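There are 2 protein chains.
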Amino acid sequence: MSDNSNVRPAWDDSLMMKAARCEPVSRTPVWLMRQAGRYMSEYREVRSQTTFLDLCKSPALCAEVMCTAVERLGVDAAIIFSDILPILQPMGLDLEYAQGEGPIIHNPIRTAEDLSRITELQDVSPMDYVFETVRLTRESIADDIPVIGFAGAPFTLASYAIEGGSSRSYMHAKSLMFGQPDAWRELMERLARSVARYLIAQIDAGAQLVQLFDSWIGCLGWDDYKQYALPYVQSIVQEINAARPNAPVIYFGTGNPALLPLFKQSGAQVVGIDWRIRLDDAWNTVGHDVAVQGNLDPVLLLSTPEMIRERVAEVLSQAAGRPGHIFNLGHGVLKETPVENAIALVEAVKELSAK
Amino acid sequence: MSDNSNVRPAWDDSLMMKAARCEPVSRTPVWLMRQAGRYMSEYREVRSQTTFLDLCKSPALCAEVMCTAVERLGVDAAIIFSDILPILQPMGLDLEYAQGEGPIIHNPIRTAEDLSRITELQDVSPMDYVFETVRLTRESIADDIPVIGFAGAPFTLASYAIEGGSSRSYMHAKSLMFGQPDAWRELMERLARSVARYLIAQIDAGAQLVQLFDSWIGCLGWDDYKQYALPYVQSIVQEINAARPNAPVIYFGTGNPALLPLFKQSGAQVVGIDWRIRLDDAWNTVGHDVAVQGNLDPVLLLSTPEMIRERVAEVLSQAAGRPGHIFNLGHGVLKETPVENAIALVEAVKELSAK
Chain P
1 MSDNSNVRPA WDDSLMMKAA RCEPVSRTPV WLMRQAGRYM SEYREVRSQT TFLDLCKSPA
61 LCAEVMCTAV ERLGVDAAII FSDILPILQP MGLDLEYAQG EGPIIHNPIR TAEDLSRITE
121 LQDVSPMDYV FETVRLTRES IADDIPVIGF AGAPFTLASY AIEGGSSRSY MHAKSLMFGQ
181 PDAWRELMER LARSVARYLI AQIDAGAQLV QLFDSWIGCL GWDDYKQYAL PYVQSIVQEI
241 NAARPNAPVI YFGTGNPALL PLFKQSGAQV VGIDWRIRLD DAWNTVGHDV AVQGNLDPVL
301 LLSTPEMIRE RVAEVLSQAA GRPGHIFNLG HGVLKETPVE NAIALVEAVK ELSAK
Chain F
1001 MSDNSNVRPA WDDSLMMKAA RCEPVSRTPV WLMRQAGRYM SEYREVRSQT TFLDLCKSPA
1061 LCAEVMCTAV ERLGVDAAII FSDILPILQP MGLDLEYAQG EGPIIHNPIR TAEDLSRITE
1121 LQDVSPMDYV FETVRLTRES IADDIPVIGF AGAPFTLASY AIEGGSSRSY MHAKSLMFGQ
1181 PDAWRELMER LARSVARYLI AQIDAGAQLV QLFDSWIGCL GWDDYKQYAL PYVQSIVQEI
1241 NAARPNAPVI YFGTGNPALL PLFKQSGAQV VGIDWRIRLD DAWNTVGHDV AVQGNLDPVL
1301 LLSTPEMIRE RVAEVLSQAA GRPGHIFNLG HGVLKETPVE NAIALVEAVK ELSAK
């Protein structure tokens, strides 16, 4: 990093930042959601010495596993190693990552009355370990690699807080949403304001971009998304854009391509696209004035380098060299992925997109 | 039933059959996927005396639970009580419905070699209990209520056969699909030919329509659906249309509205729409020359009769009185649904759509 504030930092001129701003690039930038994870032996090594939650709360280890992944894969961005759910702890929820079962919330919200247990995060210091992770990751990584901060989007966080874990039907979340709309609005507003502060603090700690993960949003139809979820995404994006205009926001909502025209209305500079829709159809839908990130099916990383290369070429041909494409999977790397295949993906993107 | 073959049977002139043929109707027909199920005490009573698989193999009980549901709800169609997976048993798979865990296949297919264990159903007599269920349901129900036969679509059956149960990523199914395309094609062809014979036999046993459930298809993107799944749906629909031209086919694929233009290419007379997309957008996408079935979010049945009525009105206003709308949920009735709410839905559709 430079002490001279007149010098533009290297990351600001990186492929990733340029693509996020829809500027032309010499080749397509690439990174992978969950690029540091169980598929990588270096990660499993670190993880075997601690619980998942303790790992999230150990900034040095978080920075280490991400830097290792960035170096091994040769990707163009470092998303901080963390999770979307720990923010729920200081808000009043009893979170546990049970062995082999995924996250569990022991005191889920089910009624309007339960809302009294949910505290808006006015002061984000309980999340200091995440900001320290951002700082250490920023310090440890090459200057031309942007660091991405992230958070869960309000609907996805609310679903976890209400269901108490993952769900097939999102019955409890939707029942509160349909049945107690005032309580729903209050919960979503508390989450949205907390998340906005949390992401701004990640930017202040050194993140160049932030991504909002709406992992469970695909269970909503158009009208319900528009009424019950979109306004809160919009308010987060607006707050970040107003407070930190140089940090692009990536909004990634998976599971329902029919919502894409509304995802554009989020105001995010980059829209994440899952593999359920062709990248060209998705980009035509959201418009070429926003950048897109995606969208190879993560299961393809279990195939062969040849097949991966073929499918990378197909996605790149759909992007057609337009400014504003960030290559990624359509969802996170699966734990069964051979590392060599993830490397083959990154190499294929670099080689096939070079101009 | 009439002995006089010149007399048109009452069901042929029913609301359901007319809507399936895109003919004008006096009001919108309505039925619910999984209308006989755990949410209904009469069903639980029958079910408590037997296992799920034994129930499926007891035609008299199957007919009884469906007739009870049709009478209690006042719906316009009776889908046979059965399941999509038992057809896999005579094809060589060891199927079990484990208590509280959903279906499990103990000898899933994972490689091209495993395919030798999968026998195409040349002779459908192992499924005689289903045809008997069709006959008894047809006999037991009013003449103006059509009986719907059904089967799983090839991709969904293949996914179960390969994964061995439900899955989040469909990693094994897609790995065979991507990695061993010849084995995949062979498996899908065997399934498609078996399903076509099975559905034609259901029609011959007395079903007026048949529905193909592609419950897991939403995990595929456009190109993969088009290459690896659609051709087999098309071949089933073609065989049925050629052999039994008076029996409309309903194709229901849930989980990815971006596939709707391809669902139209299935050739099915009716396309089932889940709740992830507005009914009007979906119908505009598939075109008004096919009928549509759907599409209320099943979780809405956990709300109140007032809210259900409001949402029914909204779906009907999107259908805009065009010929060819069959009212249904966007997926099956949830077991937590109060029966009164399901009844309220049916009544609202009848009342609000009357011309």
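From first to last, the protein sequence lines are chains P and F. Under this note's numbering, the residue at position 303 of the first sequence is numbered 303, and the numbers go up by one with no gaps. Heads up: take any position in the second sequence, counting from 1, add 1000, and you land on this note's numbering. C-beta: ideal position from N, C-alpha, C; glycine also. All of these numbers come straight from a predicted model, not from anything done at the bench.
What's the call for residue i, buried or exposed, on a 16-neighbour Cβ count within 10 Å?
i	result
F/D1224	buried
P/E163	buried
F/R1008	exposed
F/A1098	exposed
P/T28	buried
F/Q1107	Per the sequence presented here, residue 1107 of chain F reads as Asn, with Gln not at that position. When all chains shown are included, F/N1107 counts as exposed.
P/Q49	exposed
P/S266	buried
P/K350	buried
P/Q122	exposed
F/D1054	exposed
F/M1001	In this prediction, F/M1001 scores a pLDDT of 45, lower than 50, which makes its location untrustworthy; no coordinate-derived value is stated.
F/H1288	exposed
F/L1157	buried
P/F252	buried
P/A63	buried
F/P1146	buried
F/P1181	exposed
P/A354	exposed
P/N295	buried
Is residue i helix, strand or coil by DSSP?
i	result
P/E120	coil
F/D1054	helix
P/G255	coil
P/I200	helix
F/E1310	helix
F/E1139	helix
P/Q211	strand
F/D1083	coil
F/A1060	helix
F/G1102	strand
P/A78	strand
F/E1042	helix
P/E336	coil
F/W1371	Residue 1371 of chain F lies beyond the stretch modelled for chain F, which goes from 1001 to 1355, so this question has no answer here.
P/T133	helix
F/D1280	helix
F/Q1238	helix
F/S1167	coil
P/E23	coil
P/S2	Any answer about P/S2 is weak, because its pLDDT of 44 lies below 50 and its placement is not dependable; what the coordinates show is given next. P/S2: coil per DSSP, three-state reduction.
Checking the sheet assignment: what are the DSSP bridge partners for residue i?
i	result
P/A291	P/V270
P/G149	P/V210
P/F327	P/V30 and P/G294
F/I1250	F/Q1211 and F/V1270
F/E1362	The displayed coordinates of chain F run from 1001 to 1355. Any statement about residue 1362 of chain F would go beyond what the structure contains.
Output, in chain order, the set of chain C residues within a Cβ distance shorter than 9 Å of residue i.
i	result
F/R1278	You won't find chain C in this structure, because its protein chains are P and F.
request  = Name, going along the chain, the residues of the stretch 150-171 of chain P whose beta-carbon falls closer than 8 Å to a beta-carbon of chain F.
outcome  = Hits within the stretch, in order: S169, Y170 and M171.
query = How about the stretch 1231-1239 of chain F and the stretch 1182-1197 of chain F: do they share at least three Cβ pairs that are nearer than 8 Å?
reply = Yes, the stretch 1231-1239 of chain F is in contact with the stretch 1182-1197 of chain F.
ask   = Given a limit of 9 Å on CB to CB distance, which residues of the stretch 1243-1257 of chain F reach chain P?
value = Correct list: G1255, N1256 and P1257.
task = Note down, in chain order, all residues in the stretch 68-84 of chain P with a beta-carbon under 9 Å from any beta-carbon belonging to chain F.
result = So nothing in the stretch comes that close.
ask   = Using 8 Å as the Cβ pair cut-off and three pairs as the minimum, do the stretch 1072-1091 of chain F and the stretch 1023-1040 of chain F touch?
value = With the rule of 3 Cβ pairs closer than 8 Å, the stretch 1072-1091 of chain F counts as touching the stretch 1023-1040 of chain F.
key: Selection of the stretch 1294-1307 of chain F by Cβ proximity to chain P, strictly under 9 Å   = Those residues of the stretch 1294-1307 of chain F that come within reach of chain P (Cβ to Cβ, closer than 9 Å) are N1295, D1297, P1298, V1299, L1300, L1302, S1303, T1304 and M1307.
inquiry  = By the 9 Å beta-carbon criterion, what residues does the stretch 315-349 of chain P contribute toward chain F?
reply    = So the close ones are G330, H331, L334 and E336.
inquiry  = When you compare the stretch 1194-1211 of chain F with the stretch 1237-1255 of chain F, are there three or more beta-carbon pairs, one atom per stretch, that lie closer than 8 Å?
reply    = Flag = yes, the stretch 1194-1211 of chain F and the stretch 1237-1255 of chain F touch.
task = Note down, in chain order, all residues in the stretch 173-201 of chain P with a beta-carbon under 8 Å from any beta-carbon belonging to chain F.
result = Cβ contacts with chain F: K174, S175, F178 and G179.
inquiry  = For the stretch 1085-1098 of chain F, list every residue whose C-beta sits within 9 Å of some C-beta in chain P, in sequence order.
reply    = The residues in question: there are none.
task = Please determine if the stretch 1210-1219 of chain F and the stretch 1121-1141 of chain F are in contact, where contact requires at least 3 C-beta pairs separated by less than 8 Å.
result = Fewer than three beta-carbon pairs drawn from the stretch 1210-1219 of chain F and the stretch 1121-1141 of chain F are found closer than 8 Å, and the two stretches are therefore not classed as touching.
ask   = Should the stretch 11-23 of chain P be called in touch with the stretch 310-324 of chain P, which here means at least 3 C-beta pairs below 8 Å?
value = Yes: the two stretches touch, three or more of their Cβ pairs being nearer than 8 Å.
Sufficient close CB pairs (3 or more, under 8 Å) joining the stretch 1172-1185 of chain F to the stretch 297-309 of chain P = Counting Cβ pairs under 8 Å, three or more are found: they touch.
key: the stretch 1026-1040 of chain F: positions lying closer than 9 Å to chain P by Cβ   = None of the residues of the stretch 1026-1040 of chain F has a beta carbon lying less than 9 Å from any beta carbon of chain P.
task = Count the C-beta pairs between the stretch 264-282 of chain P and the stretch 328-343 of chain P that are closer than 8 Å, then say yes if the count reaches three, no if not.
result = Between the stretch 264-282 of chain P and the stretch 328-343 of chain P there are three or more C-beta pairs closer than 8 Å, enough to call the two in contact.
Segment contact flag, the stretch 1102-1119 of chain F with the stretch 1152-1162 of chain F, C-beta cutoff 8 Å, min 3 pairs = The stretch 1102-1119 of chain F, when compared against the stretch 1152-1162 of chain F, does touch it at the 8 Å Cβ threshold.
ask   = Relative to chain P, which residues along the stretch 1104-1129 of chain F have a C-beta separation below 8 Å, given in chain order?
value = Legend: CB atoms of the stretch 1104-1129 of chain F lying less than 8 Å from CB atoms of chain P are not found in any residue.
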